[in-house]
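Have a look at the structure below before the remarks.
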Amino acid sequence: MPLPIMQPSMLKRLFSSAYFLALIALVLLSLWPLQLPAGLNGLGWDKLAHFLFYFGLLLLGNSIWTKKRNNLYFSLALGLLLECLQDLSPYRQFDYWDLAANTMGALIGYYLLRKYSLFQ
(Lines of atoms letter the chains of each structure in order from A; the text may use other names.)
(Lines give C-alpha, C1' and ligand atoms only; values in the text may rest on other atoms or scores of the structure.)
Protein backbone atom coordinates (compact mmCIF):
# COMPACT_ATOMS: atom_id res chain seq x y z
CA MET A 23 0.00 0.00 0.00
CA PRO A 24 1.52 3.37 -0.99
CA LEU A 25 2.15 5.99 1.65
CA PRO A 26 -0.33 8.87 1.64
CA ILE A 27 1.00 12.12 0.26
CA MET A 28 0.83 14.95 2.78
CA GLN A 29 -0.94 18.09 1.71
CA PRO A 30 1.15 21.29 1.87
CA SER A 31 -1.03 22.77 4.62
CA MET A 32 -0.62 19.61 6.69
CA LEU A 33 3.13 19.67 6.16
CA LYS A 34 3.28 23.35 7.16
CA ARG A 35 1.40 22.56 10.39
CA LEU A 36 3.77 19.70 11.10
CA PHE A 37 6.85 21.90 10.64
CA SER A 38 5.26 24.74 12.62
CA SER A 39 4.55 22.39 15.52
CA ALA A 40 8.09 21.00 15.37
CA TYR A 41 9.50 24.55 15.31
CA PHE A 42 7.58 25.65 18.40
CA LEU A 43 8.42 22.43 20.27
CA ALA A 44 12.10 22.91 19.41
CA LEU A 45 11.88 26.54 20.53
CA ILE A 46 10.37 25.54 23.89
CA ALA A 47 12.96 22.78 24.34
CA LEU A 48 15.78 25.19 23.52
CA VAL A 49 14.62 27.77 26.07
CA LEU A 50 14.13 25.14 28.78
CA LEU A 51 17.46 23.42 28.13
CA SER A 52 19.25 26.77 28.06
CA LEU A 53 17.85 28.03 31.35
CA TRP A 54 17.35 24.83 33.35
CA PRO A 55 20.17 23.89 35.75
CA LEU A 56 21.80 20.99 33.88
CA GLN A 57 25.27 19.50 34.13
CA LEU A 58 26.93 17.40 31.47
CA PRO A 59 28.16 14.00 32.66
CA ALA A 60 31.80 14.20 33.77
CA GLY A 61 33.02 12.16 30.79
CA LEU A 62 31.51 14.59 28.27
CA ASN A 63 32.98 17.80 29.66
CA GLY A 64 35.77 19.12 27.51
CA LEU A 65 34.93 17.03 24.45
CA GLY A 66 32.99 19.77 22.70
CA TRP A 67 29.63 18.01 22.91
CA ASP A 68 28.12 21.12 24.44
CA LYS A 69 29.20 23.28 21.50
CA LEU A 70 28.03 20.68 18.99
CA ALA A 71 24.63 20.63 20.69
CA HIS A 72 24.43 24.44 20.51
CA PHE A 73 25.36 24.38 16.82
CA LEU A 74 22.88 21.62 15.94
CA PHE A 75 20.00 23.15 17.88
CA TYR A 76 20.31 26.55 16.21
CA PHE A 77 20.95 24.95 12.81
CA GLY A 78 17.80 22.84 13.21
CA LEU A 79 15.77 25.73 14.61
CA LEU A 80 16.63 27.86 11.59
CA LEU A 81 15.74 25.05 9.16
CA LEU A 82 12.40 24.42 10.86
CA GLY A 83 11.70 28.14 11.05
CA ASN A 84 12.08 28.42 7.29
CA SER A 85 8.64 26.89 6.86
CA ILE A 86 6.82 29.47 8.98
CA TRP A 87 8.70 32.77 8.66
CA THR A 88 7.44 34.74 5.67
CA LYS A 89 10.49 37.02 5.68
CA LYS A 90 13.31 34.49 5.75
CA ARG A 91 15.89 36.97 6.97
CA ASN A 92 13.76 37.56 10.07
CA ASN A 93 14.14 33.85 10.83
CA LEU A 94 17.91 34.38 10.90
CA TYR A 95 17.67 37.58 12.97
CA PHE A 96 15.35 35.89 15.47
CA SER A 97 17.68 32.89 15.84
CA LEU A 98 20.71 35.13 16.37
CA ALA A 99 18.88 37.36 18.86
CA LEU A 100 17.54 34.33 20.74
CA GLY A 101 21.04 32.89 21.08
CA LEU A 102 22.34 36.17 22.52
CA LEU A 103 19.32 36.64 24.80
CA LEU A 104 19.54 33.13 26.25
CA GLU A 105 23.27 33.50 26.89
CA CYS A 106 22.63 36.83 28.67
CA LEU A 107 19.85 35.25 30.75
CA GLN A 108 22.21 32.43 31.69
CA ASP A 109 24.62 35.04 33.04
CA LEU A 110 21.90 36.21 35.44
CA SER A 111 21.38 32.68 36.71
CA PRO A 112 23.27 31.39 39.77
CA TYR A 113 23.89 28.00 38.10
CA ARG A 114 24.69 29.06 34.53
CA GLN A 115 27.09 31.51 32.94
CA PHE A 116 27.52 33.48 29.74
CA ASP A 117 29.86 31.66 27.37
CA TYR A 118 31.24 33.31 24.23
CA TRP A 119 31.95 29.88 22.71
CA ASP A 120 28.31 28.87 23.20
CA LEU A 121 27.26 32.10 21.52
CA ALA A 122 29.69 31.41 18.67
CA ALA A 123 28.26 27.90 18.22
CA ASN A 124 24.69 29.26 18.27
CA THR A 125 25.61 31.90 15.70
CA MET A 126 27.44 29.46 13.41
CA GLY A 127 24.54 27.01 13.50
CA ALA A 128 22.08 29.71 12.47
CA LEU A 129 24.36 31.25 9.83
CA ILE A 130 25.27 27.94 8.20
CA GLY A 131 21.61 26.89 8.18
CA TYR A 132 20.68 30.17 6.51
CA TYR A 133 23.52 29.87 4.01
CA LEU A 134 22.53 26.32 3.03
CA LEU A 135 18.88 27.30 2.61
CA ARG A 136 19.90 30.14 0.30
CA LYS A 137 22.48 28.12 -1.60
CA TYR A 138 20.11 25.28 -2.37
CA SER A 139 17.14 27.60 -3.04
CA LEU A 140 15.03 26.12 -0.30
CA PHE A 141 13.31 29.41 0.38
CA GLN A 142 9.65 29.23 -0.46
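Each residue of the sequence shown is one higher than the one before, counting from 23 in our numbering. Cβ atoms here follow ideal geometry from the backbone N, Cα and C, with glycine treated the same way.
Residue i versus residue j: straight-line alpha-carbon distance, rounded
i: L82; j: F37; result: 6 Å
i: Y31; j: S85; result: In the sequence on display, residue 31 carries Ser and not Tyr. Their backbone Cα atoms lie some 11 Å apart in a straight line.
i: L48; j: M126; result: 16 Å
i: G131; j: L102; result: 17 Å
i: Q108; j: F73; result: 17 Å
i: S139; j: I27; result: 23 Å
i: Q29; j: S39; result: 15 Å
Cβ neighbours of residue i in the same chain (closer than 7 Å, five flanking residues each side left out)
i: P78; result: The amino acid at residue 78 is misidentified as Pro; the sequence shows Gly. Here the set comprises A44.
i: D117; result: E105
i: L98; result: T125 and A128
i: W119; result: K69
i: L121; result: G101, L102 and E105
Other residues of its chain near residue i: CB distance less than 8 Å, five sequence neighbours each side excluded
i: F96; result: G83 and W87
i: P55; result: S111, Y113 and R114
i: L135; result: L80, L81, N84, K90 and F141
i: K34; result: S85 and I86
Simplified DSSP assignment, three categories, for residue i
i: R136; result: helix
i: P30; result: helix
i: Q57; result: coil
i: W119; result: helix
i: I130; result: helix
i: Y113; result: coil
Rounded distance between the beta-carbons of residue j and residue i, thought under 8 Å
i: A71; j: L94; result: Contact flag wrong, Cβ pair sits at about 20 Å.
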